[in-house]
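Engineer: One structure is given below, represented as structure tokens, and several questions about it will come after.
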Amino acid sequence: MSKAIAAAVGATVFIAGIGVGMAAQKLGPSLFEGKSKAAAAQALVDAALVQADDGSWERIAVGRIQYLGGQKPQGQAIFDAILAGKHAASDEMRIARVYREAGEWSRAKPLFDTYVTKNPKDEKEIAEIGAYYLLAGDRDHAEALFAKSFAITSEFWATVAAAGAYLGVAPLAD
Numbered sequence: 006m007s008k009a010i011a012a013a014v015g016a017t018v019f020i021a022g023i024g025v026g027m028a029a030q031k032l033g034p035s036l037f038e039g040k041s042k043a044a045a046a047q048a049l050v051d052a053a054l055v056q057a058d059d060g061s062w063e064r065i066a067v068g069r070i071q072y073l074g075g076q077k078p079q080g081q082a083i084f085d086a087i088l089a090g091k092h093a094a095s096d097e098m099r100i101a102r103v104y105r106e107a108g109e110w111s112r113a114k115p116l117f118d119t120y121v122t123k124n125p126k127d128e129k130e131i132a133e134i135g136a137y138y139l140l141a142g143d144r145d146h147a148e149a150l151f152a153k154s155f156a157i158t159s160e161f162w163a164t165v166a167a168a169g170a171y172l173g174v175a176p177l178a179d
């Protein structure tokens with residue numbers, strides 16, 4: 006192995022070790038005590054991103070707090086990075102929930118529709134998506150999704166999601 010390659014490998018291992026070391030450190034009050042809310046939040050977001058590593062669900066959780074907490078471009082950048090790479094359908098579902106929570110049904114709907122197409126036997130999430138359709142005012146589509154869900158199996162959380170939607174209550178998301 007040449008000296009240049011050995012040096013590059015060594016530098017990569019060193020940098021990766023720093024990230025692992027930072028992730029393993031205990032978080033202390035110095036991250037947030039006495040700081041403005043914005044500075045405390047940013048310090049904790051930075052720490053959470055280190056802790057999240059490559060975990061998509063974890064990164065979506067960080068993106069969610071940024072997106073809903075007034076740092077929309079930063080949250081969107083996380084979502085875009087996840088969706089641009091290889092990802093699970095559950096990542097689309099979680100991002101769609103954030104858009105819906107933000108009151109952006111037009112952004113959530115295509116991701117929910119894609120999830121249903123990719124997961125035609127996921128009765129719980131299909132009913133949850135149906136509940137979101139009902140809450141958005143599309144009762145016909147909601148009831149079609151409820152019927153699809155209940156045809157798969159009678160699942161408690163699917164039933165609760167449908168019932169709640171008729172009362173104007175959004176489903177609990179996992």
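Numbering-wise (the working numbering), the sequence shown opens with residue 6 and increments by one. Every residue gets a Cβ at the ideal spot worked out from N, C-alpha and C, and that includes glycine. Owing to the predicted nature of the structure, the values given are computational and were not obtained by experimental measurement.
Do alanine 113 and arginine 102 have their beta-carbon atoms positioned less than 9 angstroms apart in this structure?
Structural biologist: Counting from one through the sequence shown, the residue named residue 102 turns up at place 97. Counting from one through the sequence shown, the residue named residue 113 turns up at place 108. Yes; because the gap between Cβ atoms is below 9 angstroms, this pair is in contact.
Engineer: Would you mind working out which of Arg64, Leu177, Arg105 sits nearest alanine 163, comparing C-alpha positions?
Structural biologist: Along the sequence shown, one-based indexing puts residue 163 at 158. Per the Cα distances, Leu177.
Engineer: Could you say if the segment 127-137 and the segment 165-175 meet the contact criterion of at least three C-beta pairs nearer than 8 angstroms?
Structural biologist: The way I'd put it, the segment 127-137 does touch the segment 165-175; three or more beta-carbon pairs between them come closer than 8 angstroms.
Engineer: Of the choices Phe151, Ile65, Gly74, whose alpha-carbon is the least far from that of glutamine 47?
Structural biologist: The sequence position of residue 47 within the sequence shown is 42, counting from 1. Closest by alpha carbon: Gly74.
Engineer: Grab me the residues of glutamate 160's own chain with a C-beta within less than 6 angstroms of its C-beta, minus the 5 sequence neighbours each way, in chain order.
Structural biologist: As a position in the sequence shown, residue 160 is number 155, starting the count at 1. So the qualifying residues of the chain are Glu128, Lys129.
Engineer: Straight-line CA distance for glutamate 38 to glycine 169?
Structural biologist: If you number the sequence shown from 1, residue 38 lands on position 33. If you number the sequence shown from 1, residue 169 lands on position 164. Computed Cα separation, rounded: 40 angstroms.
Engineer: Which value, in whole angstroms, describes the spacing of the CA atoms of alanine 94 and isoleucine 70?
Structural biologist: For the purposes of this step, residue 94 is identified with residue 89 of the sequence shown, where counting begins at 1. For the purposes of this step, residue 70 is identified with residue 65 of the sequence shown, where counting begins at 1. Spanning the two alpha carbons is a distance of roughly 21 angstroms.
Engineer: Alanine 149 and alanine 136 look like a contact to me (Cβ under 8 angstroms); what is the Cβ gap, rounded to whole Å?
Structural biologist: Numbered from its first residue, the sequence shown carries residue 149 at position 144. Numbered from its first residue, the sequence shown carries residue 136 at position 131. About 13 angstroms; that fails the 8 angstroms criterion.
Engineer: At which residues does the alpha helix (DSSP H) containing valine 165 begin and terminate?
Structural biologist: For this step, residue 165 is matched to residue 160 along the sequence shown. In the DSSP annotation of this structure, the continuous segment of the alpha helix (DSSP H) that includes valine 165 starts and ends at 161-171.
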